[in-house]
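Chain order of the listed sequences is A, B and C. According to our numbering, the stretch in the first sequence is residues 1 to 173, in order. According to our numbering, the stretch in the second sequence is residues 1 to 164, in order. According to our numbering, the stretch in the third sequence is residues 1 to 239, in order. We treat Cβ as the ideally placed atom computed from N, Cα and C, and that holds for glycine. Below: the structure, in C-alpha cells.
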Amino acid sequence: MSDLDPRVVQGRRVLGVVPGQPPGGDRKVPDEQDLVMVSPHLLVRHAVVALTVLLLVLIVAVLFDAPLREVANPFETPNPEKAPWYFAALQELLSHFHPMVAGVLVPGAIVGGLIALPYIDRSRALQPRLRKVAVATFTTFLVVWVVLTLIGFAFRGPNWGWVWPWNEWHGEL
Amino acid sequence: MNRGVDRREFLSRGWKAGVVMIGCAGAWTSWDLLRPLPGSGLSGVIKTVAGDEVPADTAVYVRTAHTYLTRIGDEVVALWQKCPHLGCRVSWCDNSGEFECACHGSKFNRAGEHRSGPAPRGMDRFAVTVNADGIVEVDTGAVIQGPPPGSETIDEPPRGESCS
Amino acid sequence: MKLRETTIGRSLFRSPDRETERDQAAGHWSNFLLHLYPVKVRRRELHFSFSWYLGVTSVVLLGSLVVSGVYLMFFYVPSPSSAYGDIQTIQTQVAFGQFIRNVHRWSAHLMVLAVAAHMARVFYRGAYKSPREFNWVIGVMLLVLTLLLSFTGYLLPWDQLAYWAVTVGTSMADFVPIIGGGARDVLLGSDQVGAATLLRFYVLHVALLPLLMVGLLMVHLWRWRKDAMLDQTDGGGEA
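Have a look at this one:
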C-alpha cells in the first residue's frame, strides 16, 4: 500500500509541501556521523561477510585435512614437541627464560596490561598521530609477538634447534 | 553524626558478607571436589630390578614406574622421566652419556643433575630402598625435587655427540 | 499475499506495517534476533575500512564451531581407550565426518586469528576509550576464553600432538606461586595427563567454557548496541 499512499515518500510521512529551495542546497552530502538504519544497511553487509567467511571455511575444509598423529604415548615425546601455534611465542620464550618469567610473569603481564589499557590511556584522541606513545607501545608488542610466534612455529626443529622452514618443515596446526 | 552502624547499614553489609561467604564456600567446594582422586596416576611402592643389575655407566628404564635407575657410587638413584622444565619425557642418550629433553633441549648428567638448558633444577627423583631379596623398590608416592643447577657431584663430561 | 499480512505472520512478527522509519524501528525492536543489533548506526560503521568486519567474522566462526562441534559430539567418547578410535571412525566411516572435523579444526584456528585481529583493529581505531573501557575488558576476557577453548579442544583427539602439547601447557601452571601446583592437579585430575584429564578437558570444552563464552558475548554485544549511537568524534590533542 505504501507505494501508492501519497503521504509516504522514501519511508517518511509527508506533513506538507513548502515551495522553494532547501537551505542546504539541492543535494545532501552524506556525513560519516549520520545515523543510518541497521536494517537493511548493516544487515546485508553482515550477511555478505557471513557467507564469505563460511565459503572460505568450506573451501579450506575441503582442501586440507585436520592432522591426526599416532595415538598418545606417555613413553615417547615427539621431537620436536610443539605447542599449538597460538602458544608458539610462549614456547619460544620458555626456551630462553626461567618458566617463572616466561610462563607466568609474561602472560600475566600481557593479559593484565591489555585489561588495564583503557584505564591507563585516558586521552580522548582517536587519530594515531595524536597518541603516538600508545600506538608505538602496542605496535612494538604486536610485532615482537608475531615474530616470536613465527620463530616458534616455523623456525624450530629437533631439540628446539634453529631450522630454515624451506629446508625442513616442523610446523603443526 | 557518626554514631556507629545503624540497622540499615548493618543489613546492607550483612548481605554483602553473605554473598562473599557463599562465593568462598563455592570456590572451596569446587577446589576440593576437583582434586585428584587417590590412586590416580603414579602412586605407591613399585618393585623393579635386582640391585646388582643396575649399571654404573648407563641408565635402566623402568616402564611401570616411569623412572630411570642408575648407580652413583654405591647408591641406586631413581630419576623420574618427567622433565622439571615443562614435563616432557627425558630420554637417556647412550652416545653422550647424558639425559636429554627433546622439548627445549635441557641436558642432565647421569646423576640427573642440571647441566644445560632452560630447566630450573635437576631431574626429580624418588626414594629408593633395596629389600631383603636385593630387589630395588621405588617409592613413587612422593616426588623429591631435583637439586638446584650448578651442583654437579659426578665428573662425567659428555662422552660423545648428543643424540639429536 | 505477504506472510507478514496473514494471521500467522502477524503472530510471528508482531510488527506494524513498515511504512516509516519509525515503523521500521518498531519492527526491529519487536524482533528477537534483531534486538542484538542497534536500530541505527553511524554511517562510517558500514565501511569495510572501519572494522574490517572482524567482530562479525568471529561470531560467524563461533557459530560454525558450535554446529560442527555438536556433530562431532555424537560420535566421540572422552576416554583414552576410545577417543583416538572415535576420531578415526569419524574420519573414515561417518558420512562427511572428515569434512566436519576439518571445519571444526580450521574454524577454531581462524577464530583465534579473527579475535586477535579484531582486538588490534579496535585498538588502532581507539574504540576502547571512554565510555567503552569495560567492553574492551570483556573483549580481552573473550580472547582468553577463545584461547582456552582452543587449548582444551586440542587434547581431545588423544594423539601425540595433543598429549604432549597439553603436558607442556599445563606444566607451566606449576611455576605459579602458592596455588600453581594445586591448580595443575585440579586441571589434570592426576599428576600427569591421563584419563581424568581427558574427561575434565572435555567437560570444559563442551560445557563450561562455551557457556561462559556465550554469556560474555551477549554482554559484549549488548554494550556494543548501547554504545552504537555515541558520537565518538576525535577529541583533539587534549590529554
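{"query": "Closest residue to A95/C among E133/C, F75/C and A108/C (Cα-Cα distance)", "result": "F75/C"}
{"query": "Interfacial residues, the stretch 153–167 of chain C to chain B, with Cβ spacing under 7 Å", "result": "W164 and T167"}
{"query": "Whole alpha helix (DSSP H) elements within the stretch 172–202 of chain C, 4-residue minimum", "result": "180–188"}
{"query": "Cutoff 8 Å: P148/B Cβ touching any chain C Cβ", "result": "no"}
{"query": "Short CB-CB distance (under 8 Å) between S79/C and chain B", "result": "no"}
{"query": "According to DSSP, residues forming a beta bridge with E137/B", "result": "K47/B and T129/B"}
{"query": "Neighbourhood of W160/A by C-beta distance below 7 Å, restricted to the same chain and skipping five residues each side", "result": "P80 and S95"}
{"query": "Pairwise C-alpha distance: F64/A and W136/C", "result": "35 Å"}
{"query": "Check whether F99/C and A61/A have beta carbons under 8 Å apart", "result": "yes"}
{"query": "Selection from V176/C, L54/C, H47/C and S49/C that minimises the alpha carbon distance to A50/A", "result": "L54/C"}
{"query": "Residues in the stretch 172–183 of chain C having any Cβ partner in chain B nearer than 7 Å", "result": "M172"}
{"query": "M21/B (DSSP reduced to helix, strand or coil)", "result": "helix"}
{"query": "Contact set between the stretch 85–116 of chain B and chain C, restricted to residues whose Cβ is under 7 Å from the partner", "result": "L86, G87, C88 and C103"}
{"query": "Burial state of N131/B, where buried means 16 or more other Cβ atoms lie within 10 Å", "result": "exposed"}
{"query": "Inter-residue spacing [alpha-carbon to alpha-carbon] between A120/C and Y202/C", "result": "30 Å"}
{"query": "Contact belief for V90/B with T70/B at Cβ below 8 Å, rounded distance in angstroms", "result": "Between T70/B and V90/B the Cβ distance is about 12 Å, and since that is not below 8 Å, they are no contact."}
{"query": "Distance between beta carbons of R101/C and L147/C, contact taken as under 8 Å", "result": "The pair is not a contact, with the Cβ atoms about 21 Å apart (cut-off 8 Å)."}
{"query": "Sequence-distant residues of the same chain with beta carbon closer than 6 Å to A173/C, five excluded per side", "result": "G180, A183 and R184"}
{"query": "Contact set between P158/B and chain A, taken where Cβ atoms lie within less than 8 Å", "result": "Ordered by position in chain A, no residue passes the 8 Å Cβ test against P158/B, which lies about 14 Å from the chain."}
{"query": "Residue-level contact to chain B via CB, G236/C, 8 Å cutoff", "result": "Model confidence at G236/C stands at a pLDDT of 42, short of 50, so the residue's coordinates are unreliable and nothing is read from them."}
{"query": "CB of T152/C within 8 Å of CB of H205/C, strictly", "result": "yes"}
{"query": "Spatial neighbours of A125/A in its chain, beta-carbon cut-off 8 Å, leaving aside the 5 residues before and after", "result": "R131"}
{"query": "Neighbourhood of M213/C by C-beta distance below 8 Å, restricted to the same chain and skipping five residues each side", "result": "L62, L142, L145, T146 and L149"}
{"query": "Contact between the stretch 120–132 of chain C and the stretch 128–145 of chain A (3+ Cβ pairs under 8 Å)", "result": "yes"}
{"query": "Amino acids of chain B, ordered along the chain, whose beta-carbon sits closer than 7 Å to that of E168/A", "result": "Under the 7 Å cutoff, chain B gives no residues; its nearest Cβ is about 13 Å from E168/A."}
{"query": "Whole-angstrom distance between A108/C and W164/A, CA atom to CA atom", "result": "27 Å"}
{"query": "Three-way DSSP call (helix, strand, coil) for H220/C in this model", "result": "helix"}
{"query": "Contact list for P120/B against chain A, beta-carbon separation under 8 Å", "result": "H98, P99 and M100"}
{"query": "Among L79/B, I154/B, Q145/B and D6/B, nearest to V128/B - alpha-carbon criterion", "result": "L79/B"}
{"query": "Chain B within 8 Å of G215/C, Cβ atoms only", "result": "no"}
{"query": "The alpha helix (DSSP H) enclosing A99/B, as first and last residue numbers", "result": "Residue identity check: residue 99/B is Phe in the sequence provided, not Ala. Run containing F99/B: none in the alpha helix (DSSP H); it sits in the beta strand (DSSP E), E98 to C101."}
{"query": "Under 9 Å from the C-beta of A26/C: neighbouring residues of chain A", "result": "Under the 9 Å cutoff, chain A gives no residues; its nearest Cβ is about 12 Å from A26/C."}
{"query": "T139/A at chain B interface by Cβ criterion, 8 Å", "result": "no"}
{"query": "Closest by C-alpha distance to V66/C, when choosing among M111/C, S81/C, P78/C and Y84/C", "result": "M111/C"}
{"query": "Cutoff 8 Å; reference W162/A; Cβ partners in own chain excluding five residues on either side", "result": "F155 and R156"}
{"query": "Members of the stretch 46–70 of chain B near chain A, C-beta cut-off 9 Å", "result": "Y61, R63 and H66"}
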